[in-house]
Amino acid sequence: THHQLQERPARPSQTCVSHFHSHRTSTHVTYTLYSLKKASIIPDIVDDFHPKCFILPTYGHGKHSQPIFPGKKLKVSKTKEKPSLKVYCPDMKSTTGLTIALTDPDAPSRGFPKWSEMCHWIAPVSEAVRLLESDFASRFEFDIDTTKVEDLVKYKAPGPPPRTGYHRYVFILLEGPNTNLTLPETRQHWGTGKEGHGVRDWAKTEGLVVVGGNYFKEKQ
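Using my numbering, the letters of the sequence shown correspond one by one to residues -4 to 215.
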């Protein structure tokens, strides 16, 4: 069935990345949900959800940094190392835990996704609980130094095969207890053994719910 899109919201200014206020954060949350639907990430990869958070992955550092807004096109050379993360949660007062996942639904290509989905990264964000419970979290925003995060599945740099077109690389933020998560048996299909299955199945099994998302595109 055709997924109904709401009226396109205004695209948020990228200049406000480091100066978020609640109305700007809400704009980003709304625009992200619209973008995920437009790119068929909803409902192909995750079900429709109420976005509590906006996640801003950033590749690189300093003047060479590449903040990821929905649909941004990146070169393979820019995503070799895992990104840092900013998380903004205007609708969240507390949480039992947050986990970031990165998945590729277009492996080896969007037209022939026989390896889909491919798990590229799972990282339980332990410090999120502490930060959300602290005074600092009165604005419900925090930075995550991913170099200090203990990954459940190590970051696998995107590497779309030549001549397979753009791949969507999708970040999903999941909420729920994350101290006893089960490792997917394989990256391919997230261990489900079924084409087109992945993060949605794994999250359901682990009792996690989607609270945020983002994505970028890459090709060789």
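Each residue gets a CB set at the ideal place from its N, CA and C atoms; glycine is no exception.
Note that this is a predicted model, so its numbers are computed, not measured.
DSSP lists P119 and L169 as the bridge partner or partners of T94.
The C-beta distance from S89 to P100 rounds to 31 Å, too long to fall under 8 Å, and the pair is not in contact. Within 10 angstroms of the beta-carbon of E136 lie 16 or more other beta-carbons, which makes it buried. Around the C-beta of V71, fewer than 16 other C-beta atoms lie within 10 Å, and the residue is accordingly described as exposed. Spatial neighbours of P172 in its own chain (CB-CB distance under 8 Å, excluding positions within 5 residues in sequence) are listed in chain order as T91, G92 and G202.
Residues T141 and Y150 of the same chain have their beta carbon placed closer than 6 Å to that of K77, with the five preceding and five following residues left out of the count. For I167, the closest of C114, S104, L69 and K189 by C-alpha to C-alpha distance is C114. For G191 and E180, the gap between their C-alpha atoms comes out near 16 Å. In terms of Cβ geometry, Y210 and P46 do not form a close pair [threshold 7 Å].
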